[in-house]
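Residue numbering for the sequence shown follows our numbering, beginning at 17 and increasing consecutively.
Backbone N, C-alpha and C define an ideal beta-carbon position, used for all residues, glycine too.
Predicted, not measured: the structure shown is a model, and the values here were computed from it.
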Amino acid sequence: MTITAGIDIGTGAVKSILFEIDGGDMKLLAKRADRIRQRDPNKLAEEGYHAVLSEAGVAADDVAYVGTTGEGENVDFRTGHFYSMTTHARGAVFLESDLKAVLDIGALHGRAINIDGRGKVLSYRMTSQCASGSGQFLENIARYLGVSVDEVGELSQQADDPEVVSSICAVLAETDVINMVSRNISTANILKGIHVSMAGRLVKLLKASKATEGRVLLSGGLAQDGGLVAAMEEQMAEQKVKSEVISHPDSIYAGAIGAAIWGEFRHRKLAEIGQLDKAS
Numbered sequence: 017m018t019i020t021a022g023i024d025i026g027t028g029a030v031k032s033i034l035f036e037i038d039g040g041d042m043k044l045l046a047k048r049a050d051r052i053r054q055r056d057p058n059k060l061a062e063e064g065y066h067a068v069l070s071e072a073g074v075a076a077d078d079v080a081y082v083g084t085t086g087e088g089e090n091v092d093f094r095t096g097h098f099y100s101m102t103t104h105a106r107g108a109v110f111l112e113s114d115l116k117a118v119l120d121i122g123a124l125h126g127r128a129i130n131i132d133g134r135g136k137v138l139s140y141r142m143t144s145q146c147a148s149g150s151g152q153f154l155e156n157i158a159r160y161l162g163v164s165v166d167e168v169g170e171l172s173q174q175a176d177d178p179e180v181v182s183s184i185c186a187v188l189a190e191t192d193v194i195n196m197v198s199r200n201i202s203t204a205n206i207l208k209g210i211h212v213s214m215a216g217r218l219v220k221l222l223k224a225s226k227a228t229e230g231r232v233l234l235s236g237g238l239a240q241d242g243g244l245v246a247a248m249e250e251q252m253a254e255q256k257v258k259s260e261v262i263s264h265p266d267s268i269y270a271g272a273i274g275a276a277i278w279g280e281f282r283h284r285k286l287a288e289i290g291q292l293d294k295a296s
């Protein structure tokens with residue numbers, strides 16, 4: 017039995033998990049997500065790590081490997097760091113079986129990752145950081161409209177005449193929303209319009225990555241947004257993409273889970289050749 021930790025530092029949040037691997041059996045022992053909110057992400061990573069250790073009742077000395085991903089290369093207690101595309105792919109395969117792709121929607125960009133059955137990355141496409149298809153953009157709009165992010169999905173699904181945001185640029189799209197408010201467009205219709213716009217671009221990403229069939233797992237902070245999931249389903253039908261978009265309660269932890277799994281793999285391989293002291 018091997019216990020590893022995974023820490024995923026994103027633009028908006030730090031995700032920390034503790035993982036147990038015993039042969040082919042894998043188990044998530046503890047998890048924690050902290051919004052950064054202008055705080056030091058490396059400090060949050062340390063706090064998150066100690067929190068999951070405490071929750072699982074595991075001593076730090078019993079953790080064989082601490083794998084980081086995302087912006088976690090500067091975490092001083094890490095054992096090793098892994099590329100975020102590969103960690104999200106591997107973590108997604110742990111969460112859901114028979115996947116063809118991962119659609120990761122982060123604070124600043126979205127990315128479509130085409131994978132095989134083992135979680136190997138076959139191809140990928142990303143949006144630009146200034147695109148109006150990101151979690152930060154949606155959070156900014158929600159704040160302007162006076163609603164919480166948790167309310168966005170439900171409100172969006174109440175829309176009867178959505179007003180689609182046309183601009184790709186987030187700054188110009190926010191100007192569009194201000195104009196909509198001045199025209200008395202309802203909050204529900206504005207949010208649904210944003211979801212439709214975001215979903216349209218994300219489906220195009222899937223097509224560009226050649227992931228147009230099979231199950232697609234949403235990961236990232238917007239994975240639990242029911243309004244976005246509904247808009248994705250509509251856009252897939254409209255763009256004739258035969259994929260099935262799904263989410264998982266632990267989708268936000270896909271990257272951290274992947275880092276922990278890859279950490280166990282690296283630890284095992286180094287042990288086989290007698291070089292555990294070179295793990296980092």
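- By the C-beta density criterion, Tyr140 is buried, having at least 16 other C-beta atoms within 10 angstroms.
- Runs of the alpha helix (DSSP H) lying entirely within the region 162-198, each at least 4 residues long, are 165-172 and 186-198 in chain order.
- Under the DSSP assignment, Leu233 falls in the beta strand (DSSP E) whose first and last residues are Glu229 to Gly236.
- If the five residues before and after Arg51 are omitted, its C-beta is found closer than 8 Å to the C-beta atoms of Gly28 and Ala29, all from its own chain and listed in chain order.
- Ala275 and Ile19 have their C-alpha atoms spaced approximately 12 Å apart.
- The DSSP-derived three-state label of Asn200 is coil.
- The beta carbon of Thr85 sits closer than 6 Å to the beta carbons of Asp24, Phe98, Ser100, Thr103, Gly271 and Ala275 from its chain, once the five residues preceding and following it are set aside; these are given in chain order.
- In the three-state reduction of the DSSP assignment, Glu260 falls in the strand class.
- Inclusion of Gly83 and Arg282 in the CB contact set at 9 Å is warranted, their separation being smaller than that value.
- Between Thr228 and Val257 the beta-carbon gap is near 5 Å, inside 8 Å, which marks them as a contact.
- Note that the C-beta distance between Gly151 and Gly122 is below 9 Å.
- With fewer than three CB-CB distances shorter than 8 Å, the region 169-181 does not count as touching the region 125-135.
- Here Glu179 has Met196, Ile201, Asn205, Ile206 and Gly209 as same chain residues with Cβ atoms under 7 Å from its own Cβ, once five neighbours each way along the sequence are excluded.
- Residue range Val137 to Met142 is occupied by the beta strand (DSSP E) that includes Val137, with no alpha helix (DSSP H) assigned at that position.
- Comparing C-alpha distances from Gly64 to each of Asp77, Val232, Val79 and Ala46 shows the shortest one belongs to Ala46.
- DSSP places Val91 in the coil class of the three-state scheme, outside both helix and strand.
- Between the C-alpha atoms of Val68 and Ile268 there is a straight-line separation of about 16 Å.
- The three-state reading of DSSP puts Thr102 in helix, counting H, G and I together.
- Scanning its chain for C-beta atoms nearer than 7 Å, with the 5 sequence neighbours on each side dropped, one finds around Ala76 the residues Leu69, in chain order.
- Minimum Cα-Cα distance from Gly230 among the listed residues Leu238, Lys285, Ser32 and Lys116 corresponds to Lys116.
- In this chain, the beta strand (DSSP E) harbouring Leu34 covers Ala29 to Asp38.
- Distance from the Cα of Met252 is smallest, within the candidate group His125, Lys220 and Gly88, for Lys220.
- A residue is called buried once 16 or more other Cβ atoms fall within 10 Å of its Cβ, and Pro265, having fewer, is exposed.
- In the three-state reduction of the DSSP assignment, Met252 falls in the helix class.
- CA-to-CA, the gap between Leu292 and Thr95 works out to about 10 Å.
- In the DSSP assignment, His97 is bridged to Thr84.
- Here DSSP, grouped into helix, strand and coil, assigns Val118 to strand.
- Taken through DSSP and simplified to helix, strand or coil, Met17 comes out as coil.
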